[in-house]
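Trainee: Following this message is one structure expressed as structure tokens.
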Amino acid sequence: MSIHGTCPILCSCGFEPDNWANWCEHNIADLYFCPHCKHHKCDTSCKHKIETKVCIGCNRDFTGTPESYCNRNCFVCPLCSSRIKVSASNVTSEDKPAKLFKFACDNCPYTYDTGVVTRPQPLRAILRGQSQVSITFRQFQKHWVEDQYDYGQKMSPASLSNLKLSNISIPQSESMKSIPIDEDEDKQASKSMGSKMQFDTSQPKTTSNLQPLARLLTASCSVSCSECNHALLLPKDSGPSLKWKASDYYPSISVIQDKLDLKVGSSNTLYFSIQNPLSEDINVSISFNEHIPKTFLKEGSIVTAIPVKSTTVTGSPKGTKNIPRHETRSYYLDSIPPETGPGWCILPLIVTVEKYESDKVHLQIPVHFSITTSRPSTVKVAGESTQIWKYGAWYLLDYGVFKVEQSEI
1 MSIHGTCPIL
11 CSCGFEPDNW
21 ANWCEHNIAD
31 LYFCPHCKHH
41 KCDTSCKHKI
51 ETKVCIGCNR
61 DFTGTPESYC
71 NRNCFVCPLC
81 SSRIKVSASN
91 VTSEDKPAKL
101 FKFACDNCPY
111 TYDTGVVTRP
121 QPLRAILRGQ
131 SQVSITFRQF
141 QKHWVEDQYD
151 YGQKMSPASL
161 SNLKLSNISI
171 PQSESMKSIP
181 IDEDEDKQAS
191 KSMGSKMQFD
201 TSQPKTTSNL
211 QPLARLLTAS
221 CSVSCSECNH
231 ALLLPKDSGP
241 SLKWKASDYY
251 PSISVIQDKL
261 DLKVGSSNTL
271 YFSIQNPLSE
281 DINVSISFNE
291 HIPKTFLKEG
301 SIVTAIPVKS
311 TTVTGSPKGT
321 KNIPRHETRS
331 YYLDSIPPET
341 GPGWCILPLI
351 VTVEKYESDK
361 VHLQIPVHFS
371 ITTSRPSTVK
381 VAGESTQIWK
391 YGAWYLLDYG
401 VFKVEQSEI
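This is the structure we're talking about:
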């Protein structure tokens, strides 16, 4: 017998809920819960907003800027992503003062040096000038923009203002009109350009030519419901952040598999457990399709039935002792037939294979759980006066692969 992890929740993610093919599986830990809509929310059903954006290397605040990487001298190792130290030494080049920059990782033997730099410029510009990818891009840009088509030079705003005051207009040249482009000729020119530059992107990079990477900025985001704009995640500068997670309000459903095969024409009893995360009691009503939908069963026909359609799961007491892993098997074996305990219960699921040709079947059963409970005492929502909460979700009970035994005629 094996006990699987928490079953995923099925979400329509904005698609038509009647079409099972459009439903997506979400781990319950990745979902939010809207206390106003009384429904779980995935990332597609939420609005995200960046509240703060900082560099953890130099502690510079980038909030409100379009930057994704630190534009200062903050770099990380391309091998292990650890911090990189930058040192500079004064050298001479052709009797002129110059600089030599060296990069060394704090965690691994990675090192890199820029060579002699004679013109003062930011480190990012120096590395970009030595990058083979950047060099190749600039060559392509020069070929297509400057060499192929002559668009003329861009005039400054002051020059344009003087021309306007003098009532002088610029005659439209042929190069400024729409230019017909021959796609075959462009493709041929691109191939010839690539062969001339002899830059092969398929060649593996060695450690010596790997450049330091600019440090990625760290952002804190707020999440709100796209329907009612209720805040679901709100980071705070001090103290705990506001967070509405589905795992704090939805029960965890786990499947218990004590069979290795299913027999055609016979009833097979499987089990699943319900764990209540709340300190209040919850009433769970269970509904499902009698026949497993074709989305989850490509061939054959399998009928499901649950003897217990409604049950009450008591609240989880504080300080409940976890069951040691080596005792889990015997614990659940002793709990079958269905039993209940503080914050949990185990229910049977009867599966009947009416027709199936293959010798193996991956058994996945969508089941809807409707929850009714009193409003948690710790929950305070502005304008919320409802004392009874009702919400629900579709779970996918994944029992894994079974062998199918054909009935003897």
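All the letters of the sequence shown, read from the start, carry residue numbers 1 to 409 under full-length UniProt numbering.
Glycine included, every Cβ here is placed at the ideal spot set by N, Cα and C.
Mind listing, in chain order, the continuous beta strand (DSSP E) runs of no fewer than 3 residues lying wholly within the region 212 to 288?
Mentor: Taking only runs of at least 3 residues, the beta strand (DSSP E) segments lying wholly in the region 212 to 288 are 218 to 225, 231 to 234, 252 to 257, 261 to 263, 267 to 275 and 282 to 288.
Trainee: Identify whether residue 142 lies in helix, strand or coil by the three-state DSSP scheme.
Mentor: Residue 142 falls in the helix class under three-state DSSP.
Trainee: Check the DSSP bridge columns for residue 25 and list the partner residues they point to.
Mentor: Its beta-bridge partners are 10.
Trainee: Do you know how far the Cα of residue 89 is from the Cα of residue 97?
Mentor: Their backbone Cα atoms lie some 11 Å apart in a straight line.
Trainee: Take residue 276 as the anchor and find which of 250, 265 and 295 has the nearest alpha-carbon.
Mentor: That would be 250, whose Cα lies nearest to the Cα of residue 276.
Trainee: Could you check the C-alpha separation between residue 266 and residue 305 for me, to the nearest Å?
Mentor: Looking at the two C-alpha atoms, the distance is approximately 13 Å.
Trainee: Given this structure, state the Cα-to-Cα distance separating residue 3 from residue 55, to the nearest angstrom.
Mentor: Caution applies to residue 3, whose pLDDT of 45 falls short of 50 and renders its modelled position unreliable; the value that the coordinates give is listed next. Cα to Cα, the separation comes out at about 43 Å.
Trainee: Just reading off the alpha helix (DSSP H) that residue 347 is part of, what are its end residues?
Mentor: Run containing residue 347: none in the alpha helix (DSSP H); it sits in the beta strand (DSSP E), 344 to 355.
Trainee: Closest to residue 316 by C-alpha separation, out of 137, 281, 287 and 82, would be which residue?
Mentor: The shortest Cα separation from residue 316 among 137, 281, 287 and 82 belongs to 281.
Trainee: Taking C-beta to C-beta, are residue 367 and residue 391 nearer than 7 Å?
Mentor: No. Outside cutoff.
Trainee: With a cut-off of 8 Å on the beta carbons, I'd call residue 401 and residue 360 a contact; round off their distance for me.
Mentor: The pair is a contact, with the Cβ atoms about 6 Å apart (cut-off 8 Å).
Trainee: Once the 5 residues before and after residue 45 are set aside, which same chain residues still bring their CB inside 6 Å of it?
Mentor: Only 226 meet the Cβ criterion.
Trainee: My understanding is that residue 232 touches residue 34, with C-beta atoms under 8 Å, so please give their C-beta distance in whole angstroms.
Mentor: With a Cβ gap of about 6 Å, residue 232 and residue 34 count as contacting.
Trainee: Using only the alpha-carbon positions, how far apart do residue 52 and residue 218 sit?
Mentor: C-alpha separation (whole angstroms): 8 Å.
Trainee: Looking at the secondary structure, which residues open and close the beta strand (DSSP E) in which residue 397 lies?
Mentor: Counting along the chain, the beta strand (DSSP E) containing residue 397 begins and ends at 388 to 405.
Trainee: Count Cβ pairs between the region 70 to 79 and the region 102 to 109 that sit closer than 8 Å; are there 3 or more?
Mentor: At 8 Å Cβ cutoff, the stretches touch.
Trainee: Tell me which residues share the same chain as residue 262 and place their Cβ nearer than 6 Å to its Cβ, disregarding the 5 neighbours each side in the sequence.
Mentor: Excluding residues within five positions, the ones whose Cβ falls inside 6 Å are 268, 353, 402 and 404.
Trainee: For residue 64, which three-state DSSP category applies?
Mentor: In the structure shown, residue 64 sits in coil (DSSP, three-state: anything other than H, G, I, E or B).
Trainee: Just to confirm the assignment, what range does the alpha helix (DSSP H) spanning residue 364 have?
Mentor: Note, residue 364: premise wrong, no alpha helix (DSSP H); beta strand (DSSP E) at 360 to 374.
Trainee: Rounded to whole angstroms, what's the CA-CA distance from residue 212 to residue 125? Just pull it up for me.
Mentor: If I take the Cα positions, the gap works out to 12 Å.
Trainee: Taking C-beta to C-beta, are residue 246 and residue 36 nearer than 7 Å?
Mentor: Contact: no.
Trainee: What's the C-alpha gap between residue 385 and residue 374?
Mentor: Rounded to the nearest angstrom, the two C-alpha atoms are 12 Å apart.
Trainee: Keeping to the same chain, check which residues put their C-beta closer than 7 Å to that of residue 301; ignore five residues upstream and five downstream.
Mentor: Here the set comprises 291, 354 and 355.
Trainee: Report yes if the C-beta distance between residue 310 and residue 279 is below 7 Å; otherwise report no.
Mentor: Result no, Cβ atoms of residue 310 and residue 279 do not sit closer than 7 Å.
Trainee: So who's on the other strand from residue 302, going by DSSP bridges?
Mentor: The partner list for residue 302 (beta bridge, DSSP) reads 353.
Trainee: According to DSSP, residue 314 sits in a beta bridge with which residue or residues?
Mentor: In the DSSP output, where bridge partners are listed per residue, residue 314 has none listed.
Trainee: On a CA-only basis, which of 387, 274 and 376 is nearest residue 342? Give me that one, please.
Mentor: The shortest C-alpha separation from residue 342 is found at 274.
Trainee: Kindly indicate which three-state DSSP category residue 102 falls into: helix, strand or coil?
Mentor: Residue 102 falls in the strand class under three-state DSSP.
Trainee: Which residue or residues does DSSP assign as beta-bridge partners of residue 113?
Mentor: Per DSSP, 102.
Trainee: Taking 6 Å as the limit between beta carbons, can you name the residues of its chain near residue 221, skipping five residues before and five after?
Mentor: The residues are 48 and 50.
Trainee: In whole angstroms, what separates the C-alpha of residue 69 from that of residue 127?
Mentor: Each residue's alpha carbon lies about 15 Å from the other.
Trainee: In chain order, what residues of the same chain have a beta carbon less than 6 Å from the beta carbon of residue 79, not counting five sequence neighbours either side?
Mentor: Same-chain partners within the cutoff: 108 and 110.
Trainee: I'd like the span of the alpha helix (DSSP H) that includes residue 164, first residue to last.
Mentor: Here the alpha helix (DSSP H) through residue 164 covers 157 to 165.
Trainee: Distance, Cα to Cα, residue 258 vs residue 372?
Mentor: Going from the Cα of residue 258 to the Cα of residue 372 covers about 30 Å.
Trainee: Can you have a look at residue 8 and say buried or exposed, based on whether 16 or more other CB atoms are within 10 angstroms of its CB?
Mentor: Buried, by the Cβ-count rule.
Trainee: Quick check: what's the CA-CA separation for residue 363 versus residue 11?
Mentor: Cα to Cα, residue 363 sits roughly 19 Å from residue 11.
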